[in-house]
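Heads up: the sequence shown begins at 1 in our numbering, then just goes up one per residue. For every residue, glycine included, the Cβ atom is placed at its ideal position computed from N, Cα and C. Quick caveat: nothing in here was measured; it's all calculated off a predicted structure. Notes follow the structure.
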Amino acid sequence: MSNSMFCPNCGMLKSNCICSNKKSSEKKPSRDLFSFAQPRTSSILDDEIPEVYSIEDHKMQVNRFFELKEQYPNIDEEIIENFPFDEPRVGQFEIIQDIDGAIKQGYKYIILEAGTGTGKSAIATTLAKMYGSAYILTMTKQLQSQYSNEFEFPLVKGRSNFSCLHDGLDVTCDMGACKTSPTSSNFFCAFGVAKNPTLDAELAFEDSFGGAVFYQSADHCHYWQQKANAVNSPITLMNYDYAIAELNYVKHFGTRSLLILDEAHNIESKLMNTMEVNLYNHRLEKDISKVISKETLQDGELEDWLLEISAISESYEDIEIKDLSKNKADRIRSTISRLKTLKKNLENEPKNWVIDSDENGVSFKPLRVHHY
Numbered sequence: 001m002s003n004s005m006f007c008p009n010c011g012m013l014k015s016n017c018i019c020s021n022k023k024s025s026e027k028k029p030s031r032d033l034f035s036f037a038q039p040r041t042s043s044i045l046d047d048e049i050p051e052v053y054s055i056e057d058h059k060m061q062v063n064r065f066f067e068l069k070e071q072y073p074n075i076d077e078e079i080i081e082n083f084p085f086d087e088p089r090v091g092q093f094e095i096i097q098d099i100d101g102a103i104k105q106g107y108k109y110i111i112l113e114a115g116t117g118t119g120k121s122a123i124a125t126t127l128a129k130m131y132g133s134a135y136i137l138t139m140t141k142q143l144q145s146q147y148s149n150e151f152e153f154p155l156v157k158g159r160s161n162f163s164c165l166h167d168g169l170d171v172t173c174d175m176g177a178c179k180t181s182p183t184s185s186n187f188f189c190a191f192g193v194a195k196n197p198t199l200d201a202e203l204a205f206e207d208s209f210g211g212a213v214f215y216q217s218a219d220h221c222h223y224w225q226q227k228a229n230a231v232n233s234p235i236t237l238m239n240y241d242y243a244i245a246e247l248n249y250v251k252h253f254g255t256r257s258l259l260i261l262d263e264a265h266n267i268e269s270k271l272m273n274t275m276e277v278n279l280y281n282h283r284l285e286k287d288i289s290k291v292i293s294k295e296t297l298q299d300g301e302l303e304d305w306l307l308e309i310s311a312i313s314e315s316y317e318d319i320e321i322k323d324l325s326k327n328k329a330d331r332i333r334s335t336i337s338r339l340k341t342l343k344k345n346l347e348n349e350p351k352n353w354v355i356d357s358d359e360n361g362v363s364f365k366p367l368r369v370h371h372y
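Here's what the structure looks like:
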């Protein structure tokens, strides 16, 4: 395919390609020692924002479909028409048909263990298209690029990957005015989104509860534009960290038919890292002017830790967040929520948690996460 991550001439990754490097070095003009770069007029961080994905536009060409149907008479037509390439590798169609059969029999959790070169991404892509809606989660940027470039799935990214239009592209969206202005300032961004529409407002997307979110103007924040396109696409590509936050807390993305976990053996460690809670005295002292008692840090029992967590949580709840920046207010709310969840988990399953403390703070880690 034209968007392949591999060079069609030398077969190497395009980032390492000899051909492209040679061409770029030949075309690159020499620069005078005292020349200055022109000021940028657009974001250097923003990739081209992917459009809303259409499954229908990515069906196999009719002529090729009939050729493959003749070659593979025992393979379901739906598998062939949704396969992303003109020619399958050995066993790909059969694997897809087996997984599809297992889903139709009612199996909810299916593990595919296949070697390098099997073409697992093409198998995942076909199933996602067949079932009409899916999330594909990946661990690495290389896999994200492969899915995005090869199959044109929209990849949703965090705010730090986009420059803020309101601040003249000088900062990224995670540090833009909408995140750093005081919560009480009622900051308005003409490029952002809101649940209360302005006159003739354009619908951006509907969240998982069916609530409408609207653009504030015809000029859209690049972060919100790519996120809206991802929400409105039937198949969306995310990394694990973004998906865990979005699907559990933010909930802009609704329920879909399939959840495909690439490199699924990493999911346990990801969930453990998400549930782990660390409390450091230097942060507590800065936030709430309190620290964990030395006695509890040295040899505290479960009851002692529950009392400490309750006291810390109450102190965070007493913070007046109206004068805090949106970023800090969000962190305070998240801390309160995590402390309440931690206390509940320690009370319900004390034997499932490891408490590791030293003079600087404490770490709470789950032993197992299978039922969370």
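Discussion item. To test your reading of the DSSP string, which unbroken alpha helix (DSSP H) runs of 4 or more residues are found completely within the segment 103-142?
Written reply: List check, alpha helix (DSSP H) in window: 120-131.
Practice prompt. Give the DSSP-derived three-state secondary structure of L237 in the structure shown.
Written response: Here L237 sits in strand by DSSP.
Practice prompt. Assign N348 to one of two classes, buried (16 or more other C-beta atoms within 10 Å of its C-beta) or exposed (fewer than that).
Written response: Result: exposed.
Worksheet entry | Rounded C-alpha distance that separates S208 from C178 | Just so you know, the alpha carbons of S208 and C178 end up roughly 23 Å apart.
Practice prompt. Out of L259, K227, S148 and Y316, point me to the one whose CA is closest to E285's CA.
Written response: Here the closest residue by C-alpha is Y316.
Worksheet item: By Cβ distance below 7 Å, which residues in the same chain neighbour K120 in space, the five residues on each side in sequence not counted?
Response: Scanning its chain for C-beta atoms nearer than 7 Å, with the 5 sequence neighbours on each side dropped, one finds around K120 the residues L112 and A114, in chain order.
Worksheet item: Does DSSP classify V52 as helix, strand or coil?
Response: In the three-state reduction of the DSSP assignment, V52 falls in the coil class.
Worksheet item: What span of residues does the beta strand (DSSP E) with V213 cover, start to end?
Response: V213 -> beta strand (DSSP E) spans A212 to Y215.
Item to complete: Any chance you could list the beta strand (DSSP E) runs of at least 3 consecutive residues sitting entirely within the segment 242-272, in chain order?
Response: Whole beta strand (DSSP E) segments, 3+ residues: 258-261.
Worksheet item: What residue from N161, D358, L306 and R331 has the CA that sits closest to N345's CA?
Response: Minimum Cα distance to N345 is reached at L306.
Practice prompt. Answer with buried or exposed for S148, where buried requires no fewer than 16 other C-beta atoms within 10 angstroms of its C-beta.
Written response: With a threshold of 16 other beta carbon atoms within 10 Å, S148 meets it and is buried.
Practice prompt. Using a Cβ cut-off of 9 Å (strictly closer), state whether Y53 contacts chain C.
Written response: Considering every chain present, this structure includes no chain C. It has just one protein chain.
Discussion item. I'd like to check one pair, H220 with F162: are the Cβ atoms closer than 9 Å?
Written reply: Judged by their CB atoms, F162 and H220 are not nearer to each other than the 9 Å cut-off.
Discussion item. Considering only their Cβ atoms, is the gap separating F151 from P50 smaller than 9 Å?
Written reply: Result no, Cβ atoms of P50 and F151 do not sit closer than 9 Å.
Worksheet entry | Three-way DSSP call (helix, strand, coil) for N360 in this model | DSSP places N360 in coil when its eight states are reduced to three.
Item to complete: Pull up the DSSP beta-bridge partners for K195, would you.
Response: For K195, DSSP records no beta bridge to any residue.
Worksheet item: Out of K290, M60, N266 and W353, which has the shortest C-alpha to C-alpha gap to T140?
Response: Answer by Cα proximity: N266.
Discussion item. Here's the rule I'm using: 16 or more other beta-carbon atoms within 10 Å means buried, otherwise exposed. How should Y109 be labelled?
Written reply: Under this definition Y109 is an exposed residue.
Item to complete: May I ask which residues mark the beginning and end of the alpha helix (DSSP H) holding A218?
Response: Careful: A218 lies outside any alpha helix (DSSP H) and carries neither H nor E.
Item to complete: To the nearest angstrom, report how far apart F205 and Q105 are at their CA atoms.
Response: Looking at the two C-alpha atoms, the distance is approximately 33 Å.
Worksheet item: How many angstroms separate the CA atom of G11 from the CA atom of K326?
Response: Because the pLDDT at G11 is just 43, under 50, the model does not fix this residue reliably, and the point stays unresolved.
Worksheet item: Could you check where the beta strand (DSSP E) with N278 kicks off and where it finishes?
Response: Run containing N278: V277 to Y280, per the beta strand (DSSP E) assignment.
Practice prompt. Using beta-carbon positions only, say whether S145 and I235 come within less than 9 Å of one another.
Written response: A distance of 9 Å or more separates the beta carbons of S145 and I235.
Worksheet item: Quick one: what does DSSP say I80 is sitting in, helix, strand or coil?
Response: Shown here, I80 sits in a helix according to DSSP, grouped into three states.
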